[in-house]
Amino acid sequence: MLRDGEDLTIVACGLTVAASLKAADILKEKGLSAAVIDMHTVKPLDTELLEKYARKTGRIVTAEEHNIIGGLGSAVCESLSGSFPTQVQRIGMEDQFGQSGKAEELLSLYGLTGEGIADKILKG
């Protein structure tokens with residue numbers, strides 16, 4: 001747990017953790033209080049922490065530099081579906097072929113910057 005919040009919870013891993021903290025700052029300026037969880041492992045997944053924040057905020061957003069299918073977002077959905085069904089928005093690479101380039105260029109391309117994550121959250 002990197003930051004507590006009341007309105008939504010961003011669960012991130014890897015390079016998207018720093019971007020998620022930036023997104024939380026942007027969302028705060030818009031009147032939304034976002035908790036940020038660094039889910040440093042997908043297996044084992046911290047299911048107790050996920051359920052706690054699903055109950056607390058009622059909205060989970062995952063952010064990962066990975067395809068949204070078969071990664072962190074899928075693991076979070078699977079975990080919560082059995083314990084506390086919750087709306088989950090998955091932010092990452094859509095189901096498409098990836099591109100090559102420098103990390104910062106690719107994060108920007110796929111909207112995985114602080115600004116990109118905040119924008120996707122606001123658009124719902």
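Residue numbering for the sequence shown follows full-length UniProt numbering, starting at 1 and increasing by one per position. C-beta atoms are modelled at their ideal positions from N, C-alpha and C, and glycine is treated no differently.
| Check | Outcome |
| --- | --- |
| Terminal residues of the beta strand (DSSP E) in which T16 lies | Run containing T16: none in the beta strand (DSSP E); it sits in the alpha helix (DSSP H), T16 to E29. |
| 8 Å Cβ cutoff, A12 in contact with chain D | Here chain D cannot be found, since the structure has a single protein chain. |
| Through-space distance from C77 to A12, alpha-carbon basis | 14 Å |
| Contact check, residue 144 vs E94, beta carbons under 8 Å | This structure does not reach residue 144, given that the chain is present from 1 up to 124, and the question cannot be answered. |
| Nearest-angstrom Cβ-Cβ length linking L32 and D7, presumed shorter than 8 Å | 5 Å |
| Test item: CB-CB of I10 and V61 under 8 Å | yes |
| Candidates A24, K28 and S83, of which the one nearest L50 by Cα | S83 |
| Residue from A24, H40, A23 and V36 whose Cα sits closest to the Cα of L2 | V36 |
| Residues sharing a beta bridge with L8, DSSP | A34 |
| Unbroken beta strand (DSSP E) run spanning R59, endpoints | R59 to N67 |
| A34 classed as buried or exposed, judged by whether at least 16 other C-beta atoms fall within 10 angstroms | buried |
| Buried or exposed by the 16-neighbour rule on C-beta atoms within 10 Å, applied to G92 | buried |
| Cross-strand partners of M93 (DSSP beta bridge) | N67 |
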